[in-house]
Amino acid sequence: MDLQITGTNLELSDTVQRFIERKLGKIDKHFPSIIDTRVEISEEKTKSPQQHFLVRVTVNSGIGGVSFHGEERGETVLIAVDKVAISPAVYALFGGLPQPDSFQQGDRHHFLE
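First residue of the sequence shown: -12, per my numbering; consecutive thereafter.
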């Protein structure tokens, strides 16, 4: 699995990159059909300090072109990565494919086909 990590408006430290690799690099051990995982991190100027960092994760499967997308915000990069790692979209990989109606209305987690 190819793990691509990019940052917008910030420079990612080696510590942050290792943290992301540790959190999300495990997915392919359970699902070898995964082609790649893209992690996009951006720092945004927001009124709320709890919303300062945005982490988007897209996991592309080799089975039927299915992709999972999750995004979360956090006070720090590490908090946002933790949140997205346990998001319904990423968690669904461990419990099978989600049903479209299994997410709460307003969730920013999407199941894409």
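C-beta atoms are modelled at their ideal positions from N, C-alpha and C, and glycine is treated no differently.
Beta-carbon within less than 6 Å of residue i's beta-carbon, same chain only, minus the 5 sequence neighbours each way: which residues are those?
i: residue -6; result: 28
Measure the C-alpha to C-alpha separation of residue i and residue j and round it to an integer number of angstroms.
i: residue 36; j: residue 63; result: 9 Å
i: residue 61; j: residue -2; result: 17 Å
i: residue 14; j: residue 22; result: 11 Å
i: residue 59; j: residue 70; result: 6 Å
i: residue 98; j: residue 38; result: Here residue 98 scores only 38 on pLDDT, less than 50, and its place in the model is too uncertain to base an answer on.
i: residue 47; j: residue 40; result: 23 Å
i: residue 34; j: residue 16; result: 39 Å
i: residue 55; j: residue 66; result: 20 Å
Report, in whole angstroms, the separation of the C-beta atoms of residue i and residue j, which I expect to be a contact under 8 Å.
i: residue 4; j: residue 25; result: Not a contact, Cβ separation roughly 14 Å.
i: residue 57; j: residue 20; result: Actually they are not in contact, since the Cβ atoms of residue 57 and residue 20 sit about 18 Å apart, beyond 8 Å.
Leaving aside the five residues before and after residue i along the sequence, list all residues of the same chain whose C-beta is less than 8 Å from its C-beta, in chain order.
i: residue 1; result: none
i: residue -4; result: 29, 30, 31
By Cβ distance below 7 Å, which residues in the same chain neighbour residue i in space, the five residues on each side in sequence not counted?
i: residue 11; result: -10, 24, 26, 44, 72
i: residue 68; result: 6, 7, 10, 42
**Request:** Let me know the beta strand (DSSP E) ranges lying completely inside the region 0 to 44, each 3 residues or longer, listed in chain order.
**Result:** 21 to 30
**Request:** Quick one: which unbroken alpha helix (DSSP H) runs of 4-plus residues sit fully inside the region 45 to 71? Chain order, please.
**Result:** none
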